[in-house]
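One structure is given below, encoded as structure tokens.
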Amino acid sequence: MRKKKEIGLATKSVWGGEEEVHPYRATQTPIVASAAYGYQDIDHWYDVALGKAPGFIYSRMSNPTVETLEAKICSLENAESAVAFSTGMAAISSALYTFLQNGSRVVSTKDSYGGTNKVFEEFLPRVGVDVVLCETHSHEQIEAEITKGCDVLYLETPTNPTLKIVDIKRLTAAAKKAGAIVMADNTFATPLNQNPLALGVDIVIHSATKFLSGHADAMGGLVCGSEALMAKVRHYREINGASLDPFSAYLIIRGIKTLALRIRQQQASAQAIAEYLLTEPMVEAVNYPGLANHKGHQIACEQMHGFGAMVSFVLCGGMATVTRLLPQLQYAHCAGNLGAVETIYGPARTTSHVENTLEERQALGISEGLIRISVGIEDTDDLISDLKQAFEFVRNASCR
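Just so you know, we're using the numbering used here here: the sequence shown kicks off at 8 and counts up by one.
Quick look at the structure:
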């Protein structure tokens with residue numbers, strides 16, 4: 008039998024999970040909207056229900072359209088198995104609750120998406136989980152906490168919205184010595200720019216609402232890893248019920264097919280925008296791992312294939328300047344999403360950390376003047392010109 012040639016990630020984005028002929032010889036994955044699936048043979052029905060035979064029983068448990076999406080992310084992340092969820096936060100919280108219980112200890116970093124931070128700070132302690140959040144750049148502190156006992160190490164890199172980088176391979180090695188399961192949120196990087204499983208991580212998580220979908224019209228979450236671990240995550244989803252609906256799965260599948268094209272343009276523009284922002288007098292700091300002066304630049308070069316489409320920067324004058332600058336942008340949405348074809352701007356207090364109080368954001372080192380940019384697929388020159396005219400407007404208004 009001829010050995011199948013390994014294909015590239017762009018090809019996997021299109022064909023992954025869809026190598027077999029679809030029903031009716033359709034060229035696109037059909038939306039199977041049935042809640043349940045009927046059987047005349049009761050014994051066969053029972054075998055399918057127990058997983059002894061292939062098939063579908065009830066769409067909370069499995070669905071043909073959703074299964075195609077799960078197979079596609081497996082192809083992109085080189086995972087054995089995947090489980091789809093209704094939202095990114097459903098994926099994150101379900102993965103954590105699957106492997107943590109009263110008396111467990113989870114180690115993570117202070118820099119993470121605001122919803123994830125709330126799970127760590129508010130919800131897990133309620134059920135008796137010991138949560139330790141370390142300084143993101145202090146690998147030594149993280150390793151020291153792991154050696155004290157660790158059931159789950161949870162990583163997010165690049166972080167949202169500060170774009171910090173953690174050394175996945177180094178921290179995963181420490182976690183393995185402690186017998187911990189390692190989870191990594193790969194939403195910002197996408198499978199095109201980073202493959203955590205290849206660096207030793209056990210479970211990779213995506214908010215599929217973002218770059219995977221790419222069009223801001225569907226919500227979803229994905230968790231992937233070994234079949235043994237995913238069987239536990241799948242059981243948790245089946246009982247707790249945060250399953251992905253087939254129409255959203257179809258939209259995410261469709262979005263993934265153009266992922267490589269979108270990311271190519273988005274991260275080229277992100278690099279150019281970050282470099283421009285370094286020259287802008289009204290900007291205090293620029294966060295983008297593709298910049299040579301970024302603290303995690305060298306690690307990013309080693310573990311990433313590209314630096315992504317997310318940029319954040321801190322404005323002089325804080326929120327007062329933010330409220331003057333953002334309304335002047337012509338080619339951008341001010342919204343609480345990211346990863347879309349359109350460029351999206353937003354301060355942390357209304358996007359990534361809207362759930363957190365001012366005091367909590369300050370404790371996390373998130374300035375009120377921090378703005379997150381999700382760079383779209385527009386022409387790079389137009390996006391930079393748009394920023395320049397917005398800054399010029401604010402400068403002129405301040406002189407009046």
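Built from N, CA and C at the ideal position, the CB exists for glycine as well.
Report back the beta-carbon spacing between Leu140 and Thr116 to the nearest angstrom; my notes put them in contact at under 8 angstroms.
Correct: roughly 6 angstroms between the Cβ atoms.
Going by other Cβ atoms of all chains shown within 10 Å of its Cβ, with 16 needed for buried, is Pro203 buried or exposed?
Under this definition Pro203 is a buried residue.
According to DSSP, simplified to helix, strand and coil, what is Tyr6?
Nothing about residue 6 can be reported from this structure: the residues present for the chain run from 8 to 407 only.
Quick one: any contact between the segment 286-304 and the segment 167-179, if contact means 3 or more CB pairs under 8 angstroms?
Counting Cβ pairs under 8 angstroms, three or more are found: they touch.
Restricting to Cα atoms, I'd like to know which of Cys308, Leu332 and Ser276 is closest to Thr350.
For the residues Cys308, Leu332 and Ser276, the minimum Cα distance to Thr350 belongs to Ser276.
Going by the DSSP bridge assignment, what does His340 pair with across the sheet?
BP columns for His340 point to Ile351.
Can you name the start and end residues of the beta strand (DSSP E) that Met190 belongs to?
Taken as a continuous stretch (DSSP letters only), the beta strand (DSSP E) holding Met190 covers Ile188 to Asp192.
If Ile80 and Cys231 are in contact, beta carbons under 8 angstroms, what's the gap, nearest whole angstrom?
Right, their Cβ atoms sit about 5 angstroms apart.
Just the Cα atoms here: how many angstroms apart are Phe127 and Pro30?
If you draw a straight line from the Cα of Phe127 to the Cα of Pro30, it is about 44 angstroms long.
Cβ neighbour criterion (16 or more within 10 Å) applied to Ala397
So Ala397 counts as buried.
Using alpha carbons as the reference points, say which of Asn70, Tyr65 and Gly62 lies closest to Ile38.
Distances from the alpha-carbon of Ile38 to those of Asn70, Tyr65 and Gly62 put Asn70 closest.
Comparing alpha-carbon positions, which option in Pro198, Ile64, Lys19 and Ala355 lies nearest Tyr46?
Considering only alpha carbons, the answer is Ile64.
Is DSSP giving Glu129 helix, strand or coil here?
Here Glu129 carries a helix assignment [DSSP, helix/strand/coil].
Spatial neighbours of Thr243 within its chain, please: CB distance less than 8 angstroms, with the 5 preceding and 5 following residues excluded, ordered by chain position.
For clarity, residue 243 is Tyr in the given sequence; the question names Thr instead. Ser101, Tyr104 and Thr105.
Expressed to the nearest angstrom, what Euclidean distance is found between the alpha-carbon atoms of Leu206 and Arg177?
About 9 angstroms.
Is DSSP giving Glu163 helix, strand or coil here?
The three-state secondary structure of Glu163, taken from DSSP, is strand.
C-alpha gap between Gly135 and Met317, whole angstroms
Spanning the two alpha carbons is a distance of roughly 35 angstroms.
Assigned secondary structure, Asp137 (DSSP; H/G/I helix, E/B strand, else coil):
It is a strand residue.
Starting from Phe106, trace the alpha helix (DSSP H) both ways and give me its first and last residue.
Boundaries of the alpha helix (DSSP H) harbouring Phe106: Gly95 to Phe106, taken from the DSSP string.
Report buried or exposed for Pro198, applying the criterion of at least 16 other Cβ atoms within 10 angstroms of its Cβ.
If you draw a 10 Å sphere on the C-beta of Pro198, you find 16 or more other C-beta atoms in it, and that means buried.
Along the chain, where does the alpha helix (DSSP H) that runs through Met311 open and close?
For Met311, there is no enclosing alpha helix (DSSP H), as DSSP gives it neither H nor E.
Boundaries of the alpha helix (DSSP H) in which Leu57 is found, first to last residue:
Per DSSP, Leu57 is not a residue of any alpha helix (DSSP H), being assigned neither H nor E.
Hey, quick one: how far does the alpha helix (DSSP H) through Arg67 stretch, first residue to last?
No alpha helix (DSSP H) contains Arg67, which DSSP labels as neither H nor E.
Collapsed DSSP secondary structure at Met8 in the structure displayed:
Only weak support exists for where Met8 lies, its pLDDT of 43 falling under 50; the value from the coordinates is given anyway. DSSP places Met8 in coil when its eight states are reduced to three.
What does the alpha-carbon distance come out to for the pair Ser20 and Ala215?
Cα-Cα distance, rounded: 13 angstroms.
Look up Ala292 in the DSSP assignment and give the residues it is bridged to.
DSSP, once it has assigned bridges, lists Val321 as partnering Ala292.
Nearer than 8 angstroms: is that true of the beta carbon of Gly122 relative to any heavy atom of the ligand FMN?
This structure lacks the ligand FMN; in fact it carries no ligand of any kind.
Report the three-state DSSP secondary structure of Ile153 (helix, strand or coil).
It is helical.
State yes or no: is the beta carbon of Ile80 nearer than 9 angstroms to at least one beta carbon in chain D?
The chain labelled as chain D is not found in the depicted structure, where only one protein chain is given.
First and last residue of the alpha helix (DSSP H) that includes His29?
His29 -> no alpha helix (DSSP H), and no H or E assigned at all.
Pop quiz: Val82 and Gly23 are said to be a contact at Cβ under 8 angstroms. What is the actual Cβ separation, rounded to whole angstroms?
In the sequence as displayed, the identity of residue 82 is Ser instead of Val. Indeed, because the Cβ distance is near 3 angstroms, the residues count as touching under 8 angstroms.
With a 10 Å radius around its C-beta and 16 neighbouring C-beta atoms as the bar for buried, classify Pro334 as buried or exposed.
Exposed is the call here.
Since I believe Leu251 is in contact with Gly221 (beta carbons under 8 angstroms), could you give me their beta-carbon distance rounded to a whole number of angstroms?
About 16 angstroms separates the two Cβ atoms, so there is no contact after all.
Rounded to whole angstroms, what's the CA-CA distance from Ile391 to Ile280? Just pull it up for me.
The alpha-carbon atoms of Ile391 and Ile280 are separated by roughly 6 angstroms.
Check whether the Cβ atoms of Ala238 and Val211 sit closer than 9 angstroms, and answer yes or no.
Not in contact: Ala238 and Val211 (Cβ atoms no closer than 9 angstroms).
DSSP bridge partner residues for Cys81 (one or two, in chain order)
Answer is none; Cys81 lacks a bridge partner.
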